[in-house]
Amino acid sequence: MITTAKAKINLGLNIVGRRNDGYHNLETVFYEVPLCDQLEVTPMDAAAPGGDDCALTTTGIPVEGDKQKNLVVRAYNLLKEDFPQMGRVNARLHKAIPTQAGMGGGSSDATAMLRLLNDLFALHLSDEQLEARATRLGADCPFFVRGRAAYAEGIGERLRPIGLSLCGWHLAVVRPPVAVSTREAFALVVPRRPQLNCLDVVIQPVDTWRERLTNDFEQSVFAQHPVIGQVKQRLYELGAAYAAMSGSGSAVFGLFSEPVDGLDQRFPDCLTYCLAL
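Written as structure tokens, this is what we have:
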């Protein structure tokens, strides 16, 4: 069985409070975009020699770290706890979503794995049950169960679907060759409530977002990695109606009324994508 795992962008992201459990409460709008990883899962031959219950191979953009700690394998292990009858599987993940970019690639991969296993082994889990399990893998994982535009609160797991469509816009994504530590990004943010809630802003025309929609991570991240702020400014110079860092970075996106030509030449040391929404 094979599926795609789409990326997301954050349309505004405000850190509004610090929690007793060490996490932060936030307000954001998640929007799924057609930049996709591909995940394929096949049952392992019963005669295969002993080894990992979920054998993961990766292609495309390199994935660092122990594969058995990858969110795809963790998703398998999570379901295996509740459904020990699940067989061993081979999983092949082709990465196209940039890593450490704030675009939810790992979270989307994990949720795609939950959905594939649910179908492959006829577990009959509802979307609500999948969302509950996805929350245990990561705060933004539940969003990818349904993938509809949603306003998120809490640590990102409390979702309210919204009727937002960016159809007709063109999305430019630029990921500079720098890594941003999510833990460090949170540590440097001073929680506060914005003057305008991001949900109230995104229901207005995109052309009104520039001065009203904010990502609270940008101030500290741009100070540490000026190149990310420079990418955002350059996207505005190219004519973006709205540009912002996604999540805690390092990817920056811009919304354009027309396709952007030569994006890779304009940002020669970066990963670049131009997508029709």
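Letter 35 of the sequence shown, counting from 1, is numbered 273 in my numbering, and no numbers are missing.
Ideal Cβ positions, reconstructed from N, Cα and C, are used throughout, including at glycine.
Alpha carbon of residue i to alpha carbon of residue j, nearest angstrom
i	j	result
HIS262	ARG421	11 Å
ALA461	GLU302	26 Å
ALA410	GLU456	18 Å
LEU277	GLY344	12 Å
THR242	GLY394	22 Å
VAL427	VAL311	32 Å
GLY467	ALA482	9 Å
THR297	MET341	19 Å
LYS246	ASP304	25 Å
ARG431	PHE321	42 Å
LYS333	PRO281	21 Å
ARG256	GLY392	10 Å
PRO336	ARG413	7 Å
SER495	HIS362	42 Å
LYS470	GLN323	49 Å
PRO443	PRO300	38 Å
ASP378	GLU270	12 Å
ASP438	THR510	30 Å
MET351	LEU501	32 Å
ALA489	ALA284	42 Å
VAL279	PRO399	29 Å
Top-ranked residue by Cα proximity to residue i, from the options
i	options	result
GLY487	VAL416, THR452, GLY385, THR510	VAL416
LEU397	VAL412, GLU366, ALA423	GLU366
ALA388	ARG431, LEU402, ALA377	LEU402
GLY516	THR266, CYS405, MET239	Since the first residue shown for the chain is 239 and the last is 515, residue 516 is missing from the structure and cannot be characterised.
ALA478	ASP502, ARG448, VAL440	ARG448
GLN306	PRO300, ASN248, ASN315	ASN315
LEU317	ILE335, PRO399, ARG371	ARG371
LEU434	ASN252, GLU496, LEU361	ASN252
ARG386	PHE268, GLY376, ASP283	PHE268
LEU404	ARG384, LYS470, ASP445, GLY376	ASP445
ARG504	ASP454, PHE491, ARG472, ALA489	ARG472
Residue(s) in a DSSP beta bridge with residue i
i	result
ILE253	LEU264
VAL490	VAL412, MET483
PRO399	ALA388
TYR511	VAL411
PRO281	VAL327
LYS246	GLU270
ILE240	GLU278
ASN453	LEU251
HIS332	GLN276, THR297
CYS292	VAL327
Where residue i falls, given that 16 or more other Cβ within 10 Å makes a residue buried
i	result
SER484	buried
SER346	buried
ASP499	exposed
ASN258	exposed
ALA514	exposed
MET239	exposed
TYR474	exposed
PRO380	buried
ARG353	buried
> Given 8 Å as the limit, is there contact between the region 314-329 and the region 283-294, that is, 3 or more CB pairs closer than that?
Replying inline: yes
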